[in-house]
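Have a look at the structure below, then the notes.
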Amino acid sequence: MKTSKFLLGFFTLTILLVGCAADDTADVIINQEGGNPTNPTTPDSNEIGGTLSEDLTLTTGTEYKLTSALIVPEGFTLNIEPGAVIRATTGADVYVAVMQGGKIMAEGTSTNPIVFTSDSATPNPGDWGGLIVLGKAPINSVTGGDATSTSEIGGLPYGGSAADDNSGILKYLRIEYSGGAADASSENNGFSFYGVGNGTTIEYIQAFEGKDDGVEFFGGTVNASFVSVIGAQDDSIDWTEGFTGTLTNVYVEHRQAHDKGIEGDGFNTDIGNNSDPLFWSAPTINNITINGNGSSNENEAIRLRAGTRALFTNVLLSGFAEGFDLDSDGADSPTGQGVLDGDTGVTNISFDDVTVNLKNDTGDTFGEAEFFTGIGNGTGADYSSWNGGWTRN
Amino acid sequence: MRKLLIGLLLLATAQITAQETGSIVGKLTDTDFNNDPLAFANILIEGTTKGTTSDFDGLYEIANLDPGTYTVVYSFLGYETITKADVVVEAGKSTTVDVGLSAAAGVELEEFVGTGTTKKESEAALLLDQKNATIVKESIGAQELSFKGISDAAAAVNKISGVSKQEGGGNVYVRGLGDRYLNTTYNGLPVPSNNIEKKNIDLNLFSSDVIQNVGVSKTHAANFYGDFAAGNVDITAKEHTGDFFLDVDLGTTVNTNAVGTDFVKSEGTGYFGFYNRYRNNPYAVLLSHGVDAISSEGNTGVSGSFASGKSWNIGDASRLSVFATASFGNSFEFREGPAVDYTTVEKKRFPNSEQYEYGRNTTAMANIVYRINDKHKVKYNSLFINDATDEVSYFGTKGLGSNRDAILDTDRGFYQSNVQFSQDMIFVNQLLGTSTLSEKLKLDWGVGYNNVLARQPDRKRISVERYDLELDNDESTNGFFFSNIAYDNQRYFQDIEDSELNARINLSYDISEKLKFNFGYNGRSKQRTFENIRYGYDFIQPNTPVGDVRNLDGVFTQENLGTVFNTVVFNGLDPQNGLGNTNLPGRFENTYEGNLNVHAFYTDAVYKISDKLSFVPGIRLEKFNQDITYDVINLPATDPGARDASEFFILPSLNVKYALNEDQNLRFSFSSTVSNPEFKEVAPFVYEDVTQRIGGNPNLLNDPAFSRIYNVDIKYEWFMKPSELLSVAAFAKAINDPVNLVVANDATGTQRFFRTGDQAQVLGFEFEVRKALITDADEQSVLSTGINATYTYTKQDLKGSNGVFSTTFDRESDQLQGASPLLLNADLSYRPTFGSYKPVANLVFSYFSDRIDALGSGQLGNIIEKAVPTLDFVWKNNINEKMELNASFKNLLNPTIERVREVEGGDVTLSSFKRGLNIGFQFKYKF
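Residue numbers (full-length UniProt numbering), protein chains in the order written: chain A, 1 to 393; chain B, 1 to 927.
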């Protein structure tokens, strides 16, 4: 506050003296000793970031330092070779975004995966943003055609009518310590798939110790298989806005801080289901294991709401107060109707240390007998058969 | 002033007829106002009951006088009384006596009603102003403000037809068009807003003590800024021209909701609404001070003010007048009721919430008027306002709150608190002048410099889940801090500074009695800087237990920093060199800087074709430039971070007045105007409230960078008597590319500003009557009433929009946001006389019907602000000439203030509360 401002008025000065509350605010003094405590070792010469104006290839065995948002615009490709390590400096505005029409070709191998991680010597969840892929596949927050929505992070357009849109390949790729807050009420995820089409290949991906969701699908048709999410502090798998892909072989493991194993919404409840013809999120999930922290901790493995449909086959849930919790939020969110129509249900499931198998808050009448088929027959994702070499634990 | 000069032009010659008897005729003029006609002055034949009052044009006639010699007394409220002896009346003849009155000399104090009264304040004089004006303008003066016990400018304009006020805020709607379509000026110069969310200053901030009159112009004229759609509110500062006076008053107000509560406020705010930690780094404030609200200074409002003025004659022609006033008041309001965040689903529900609002308002104004002679006058005016509000809100107080994104239990026990303080300081300094250069040339000018410091320091927000466990009888169970995102528990600091230099100059040139020209310039150069920072409390362990939710200072201590919680900030000081975003101060989260430059030349002609018909064609050439530079979190990396728009507007206007007879006018008006986006609409910064998020959209400055507006008005008015009026009006407007606040298509539910369609249409009818129901022997009204009603039909087409942000609609058209189809204002005024005891009692009613508060996009329904009726009773008692004891009973109906979301199959209530009655007493002493 500058004193000169007070001279502008006539009576300010006296009132200020009378009206001031006592102040006992201590000064903040920052003592920085012994160099930079969290300074990493990545050489600055391999800095990446900014909007690509030509294709970029990150090569095998090289460490890169991501210092700002790396944007892959339409017509350009980000190639990442096996074993490339990308270390992000801290900040929620440090992320990689592949825009509509751009491509990421990231093919690691089981013994030489591609790793995105924090550049900090003492990494923490939320250190940086994460990977964002935006495609042209249908979303139900807009009314068809080429209408687009804007991504929660980065404010980039997504959605369209190309169900077979191809954003590239993600294979044997691990993301660590992502999920920094983008603003005061939204966070980055590990993987954010916005309207990604099923021409895209997603196999063998892991989100490790992220601050928000592990993998989130905002509409789109993309299929993903061999998905591992460990220690996500929010929902491990999240879908909304009319996601209709298939997830096969999914392993979720909660650590100390967590929210749901799966949180599925039929549409974006902030703007409504504006699709015409109307459709809801309706993914298919085959072979999934979700390991919680024990039934004594209040928590749910799978929450389905806002009209989503979902067909599960071969599910193994361990250590939850509730297995499935289904909500309908009103006439526009007919989650229960999906069950009655046979669009939502579970075939072959096992519960281990789960107090309530099914909590039906939809208002529609159905019970475990209608919702589950083959209780006790679920074996889950058989994680150990495909996690070797490329995942972290 | 200009209006009165026009009035002079329109002067009609009185027809005098007298046969057996004679008459005295003449014209009264105001020697303090360039010898303008002086209306409603009293003329009395001494020793008789024969008398009259001068008419709008200052003319008078006392007819049917027997031939003889008379003494005539001329008097006017606050003016000198002049006695003319030896006036000879002859049979069949008229004796002409023209008299000039001045407030300069011989003022008799007993005649004062209120303080510093001048003729411009009386209701009748303002009606005269309205009658003679060549544009549609309605005003309320200090006298009426005083009579009706109106406390501030917001309540004042609410008495004007087609104007309504938003309950619990200073938002004013004119003909259903809200904030962005209005302008507010002070002495004809722009005055800044005190609130980032608004374009117009909160009219509640102008207490009646500083107002000479407040007028609303609903049609455009060339001298108004082109950014005009619904109206221009002009507040004229009070000035004093008479002898020394000093008035002091003290009062108290009780709010029936607040009176029984343990009222709370932010820690660290002073009694007078100041806060002295601005100079400290926010992080130092966070470390040194806790988050809990503390007890406020009682729960009963007090107020006090003084006003004083004095004039000195300097030589024969000059006079120096000084007027100063200062007032302080505080207010307490307690609200309780449900608060809900509902989009297409119920996101958060708090069946019980409590809100404590503690306001403090200090206003100080001083002006010095130097009348050099009867041709030249200069005035310096300085205004300071400090408006401070403590607001403490507790949501989910009974453990019944729910949040669909809660982690532990989505159905119960969600609780949030918000403790905030905002302080707005406004400094206005103006130099104004009028000069009569010659018989034909008159100059009217003003220069102003404004500053606003609007701050919201240290807003604290706490989120808790399973609060129901804290309230149950089991002491072993407790609630937990909700920490989905680090910023669920946060401290927030925001700072806005505006400065503006503005000027106006008007040269009027009288070519003949029939033709007059105005040439003028007005311009403004405004700058805004905005910065904010926010710290989140990131709990290290999940499910950190909470004790008493109103006693958390013991949790957020320096000792617990790094062990129980970490602080996080968006932008670390220097992350590359180890100064990251955790447990350290940070850099600003969002900043922006905006510049607005408007310069315009205009000319208009007042062309009086006949006694009855006058035309005022005008044209305005306006250069508009706005730029904004921003550094805001979570924007596309591809955004340039700045926008710039320049436009050149040619804005024609035409006002036509046809006098059907001396008392009745027919008016027609056409104008083309524009609407420009505000800084807050353009800056993509997002303000996060507890239940909503609002951000700007820089694409509003893309092509087109403005809305083109066409306005047509037709009005009939009949001035039945002084203080009596009947008027009927119709108006139509077309607003191209209108801007609305709607939810953008993103995953966060943020509302942003979009050009949501090609055109909005507004069509409306106004009706107004002011009538004396009972008058006494002196033709003074004892019981009078005023009623005005406005019906407005609005329709805008809707289309989706793509850009940095996008939105869609599920319907083709809707009503305009903020437009109530029906507005109604009425008052009943009782002013009896019992000897020297002259009490005034007023009953004032206002009503607006349901209106759209926020337009729904996508599948969302509109948010509706439900209809509110308001009834106030004000009673003024003069005990004797020096003392007044006044009482007011406001919000007698105590209606439910409700906002709902329109949802198929029934509305969902978002908030609902009652404000309680405000009962006030005031003692006033005139020295």
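Every residue gets a Cβ at the ideal spot worked out from N, C-alpha and C, and that includes glycine.
Fill in: Closest residue to B:Tyr687 among B:Gly554, B:Gly641, B:Arg752 and B:Thr389 (Cα-Cα distance)
B:Arg752
Worksheet item: Does DSSP classify B:Lys680 as helix, strand or coil?
Response: helix
Fill in: Same chain, Cβ closer than 6 Å to B:Leu824, five either side skipped, listed in chain order
Ala789 and Tyr847
Fill in: Within the segment 337-384 of chain A, ranges of the alpha helix (DSSP H) (whole runs, at least 4 residues)
368-371
Practice prompt. Could you please give the first and the last residue of the uninterrupted beta strand (DSSP E) stretch that includes B:Asp444?
Written response: Leu441 to Glu465
Discussion item. Please state the DSSP three-state secondary structure of B:Ser288.
Written reply: helix
Worksheet entry | Sequence ranges, alpha helix (DSSP H) only - wholly within the segment 728-756 of chain B, length at least 4 | none
Worksheet item: Is the Cβ of B:His289 closer than 9 Å to any Cβ of chain A?
Response: yes
Discussion item. Quick check on the burial criterion: 16 or more other C-beta atoms within 10 angstroms. Buried or exposed for B:Glu559?
Written reply: exposed
Discussion item. In the DSSP output, which residue or residues are listed as bridge partners for B:Ile485?
Written reply: Paired residues: none, contrary to the question.
Worksheet item: Closest to B:Ser512 by CA distance: which of B:Asp644, B:Thr591 and B:Lys608 is it?
Response: B:Lys608
Worksheet item: What does DSSP give as the partner residues of B:Met365 in its beta bridges?
Response: B:Thr325 and B:Leu383
Worksheet item: When we look at the beta-carbon of B:Ile709 and count the other beta-carbons within 10 Å, is it buried (16 or more) or exposed?
Response: buried
Practice prompt. Within 10 angstroms of the Cβ of B:Ile644, are there 16 or more other Cβ atoms? Answer buried if so, exposed if not.
Written response: According to the sequence shown, residue 644 of chain B is Asp rather than Ile. B:Asp644 comes out exposed.
Item to complete: Could you work out which residues of chain A lie near B:Gln423, taking near to mean beta carbons separated by less than 8 Å?
Response: In chain order: nothing, as chain A lies at least about 10 Å away.
Worksheet item: Residues of chain B with a CB under 7 Å from the CB of A:Glu298: which are they?
Response: Leu408 and Asp409
Practice prompt. Answer yes or no: does any C-beta atom of chain B fall closer than 9 Å to that of A:Ser185?
Written response: yes
Fill in: At least three beta-carbon pairs within less than 8 Å, the segment 292-311 of chain B to the segment 235-253 of chain A
no
Practice prompt. Evaluate A:Phe371 with the Cβ neighbour count: other Cβ atoms within 10 Å of its Cβ, from every protein chain shown; 16 or more gives buried, anything less gives exposed.
Written response: buried
Practice prompt. Report the rounded CA-to-CA distance for B:Leu552 versus B:Ala364, giving the unit in angstroms.
Written response: 39 Å
Worksheet item: List, in order along the chain, the chain B residues whose C-beta lies closer than 7 Å to that of A:Leu156?
Response: Pro636
Worksheet entry | N- and C-terminal bounds of the beta strand (DSSP E) containing residue 941 of chain B | It is not possible to answer for residue 941 of chain B, since the shown part of chain B is limited to 1 through 927.
Discussion item. What would DSSP say about B:Ser912, mapped onto helix, strand or coil?
Written reply: strand
Discussion item. Just to check my reading of the structure: A:Thr148 and B:Ser801 have Cβ atoms closer than 8 Å, yes? What is that Cβ distance to the nearest angstrom?
Written reply: Wrong, their Cβ atoms sit about 11 Å apart, outside the cutoff.
Item to complete: Pull up the distance between the alpha-carbon of A:Gly219 and that of B:Arg491, whole angstroms please.
Response: 34 Å
Fill in: Proximity of B:Val216 and B:Ser139 at Cβ, strictly below 9 Å
yes
Fill in: Pair within 9 Å by beta-carbon distance, B:Gly520 and B:Asn223
yes
Item to complete: Report the option in B:Gln420, B:Asn451, B:Gln416 and B:Val447 whose CA atom is closest to the CA atom of B:Arg466.
Response: B:Gln416
Worksheet item: Leaving out the 5 sequence neighbours to the left and right, which residues in its chain are closer than 7 Å to B:Ala153 when beta-carbon positions are compared?
Response: Leu203, Phe206, Ile211, Val214 and Ile235
Worksheet item: Applying a beta-carbon distance threshold of less than 8 Å, which residues of chain B neighbour A:Ala181?
Response: Ile485, Ala486, Tyr487, Gly536, Val568 and Phe570
Practice prompt. Just mark B:Asn842 as buried or exposed, buried being the case when its beta carbon has 16 or more other beta carbons within 10 Å.
Written response: buried
Worksheet item: Is B:Val762 near the ligand ZN, with its Cβ less than 8 Å from a heavy atom?
Response: Only the bare structure without any ligand can be found here, which leaves the ligand ZN out of the picture.
Worksheet entry | Simplified DSSP state of B:Asn699, which is helix, strand or coil | helix
Worksheet entry | The alpha helix (DSSP H) enclosing B:Ala153, as first and last residue numbers | Ala153 to Val157
Worksheet entry | A:Ile198 versus A:Gly292, A:Leu156, A:Thr246 and A:Glu187, residue with shortest Cα-Cα distance | Residue identity differs from the one stated: residue 198 of chain A is Asn in this sequence, not Ile. For A:Asn198, the nearest C-alpha among the options comes from A:Thr246.
Worksheet item: Expressed to the nearest angstrom, what Euclidean distance is found between the alpha-carbon atoms of B:Ile795 and B:Phe228?
Response: The sequence given here has Lys at residue 795 of chain B, not Ile. Looking at the two C-alpha atoms, the distance is approximately 19 Å.
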